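In our numbering, the protein residues as written are 442 to 623.
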């Protein structure tokens, strides 16, 4: 009897933990989360992939895998509205990094940028001079993000910013920015 209760409680805890772990991410369990957060509108912004080996080089830097991949996802679990790029092969080449430091480092921006369907996207972690962390995705003309839209050109571009409702999971984000900025 006691064994059944402990097994039931254990399964419930695993289920709650599993849901809580993936609640603010569209990344699968076997994928690395590079950036992920829930928005005020109830959607999720995620950068998922497999870019680095779990080992580090002799200087403590991440080692890039032989076939790295990265994918931007926006939507909700079970209903991803945008997944870019669709194919994982050579996907890392479609992303660029931006790292801006101003006023002696008091203002910082780290971003992963890309263009899809002629629209530019910038997944950002910014610390303005107020020192308040601002995270989310900006959408607009690819030229605003210093990237080229190879697939389409538009006369009008949406200008939008979707902020994270709370602090994003950026544990691996800065290594990714450093790697892509090389």
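The beta carbon of each residue, even a glycine, is placed where N, CA and C say it ideally should be.
Remember, predicted model here, so these are calculated numbers, not experimental data.
Item: Using the C-alpha atoms, what's the distance from residue 493 back to residue 621?; Value: 12 Å
Item: In whole angstroms, what is the alpha-carbon distance linking residue 542 and residue 551?; Value: 9 Å
Item: Among 505, 503 and 489, which has the Cα closest to the Cα of residue 515?; Value: 489
Item: In this structure, what does DSSP give as the bridge partners for residue 541?; Value: 550
Item: Whole angstroms is fine: what's the gap from residue 605's alpha carbon to residue 479's?; Value: 6 Å
Item: At the level of alpha carbons, what is the spacing between residue 598 and residue 540?; Value: 24 Å
Item: Report the option in 471, 577 and 554 whose CA atom is closest to the CA atom of residue 584.; Value: 554
Item: Within 10 angstroms of its Cβ, does residue 611 collect 16 or more other Cβ (buried), or is it exposed?; Value: buried
Item: What beta strand (DSSP E) runs, 3 residues minimum, are completely inside the segment 452-532?; Value: 473-479, 485-497, 503-517 and 520-525
Item: On the criterion of 16 or more Cβ atoms from any shown chain inside 10 Å, does residue 502 qualify as buried, or is it exposed?; Value: exposed
Item: Identify whether residue 622 lies in helix, strand or coil by the three-state DSSP scheme.; Value: helix
Item: So, residue 613 versus residue 472, is the Cβ gap smaller than 8 Å?; Value: no
Item: Judging by CA-CA distance, which residue of 573, 525, 561 and 587 is the nearest neighbour of residue 580?; Value: 561
Item: Compute the distance between the beta-carbons of residue 486 and residue 578, then report whether it is under 8 Å.; Value: yes
Item: From the DSSP output, in three-state form, read off residue 534 for me.; Value: helix
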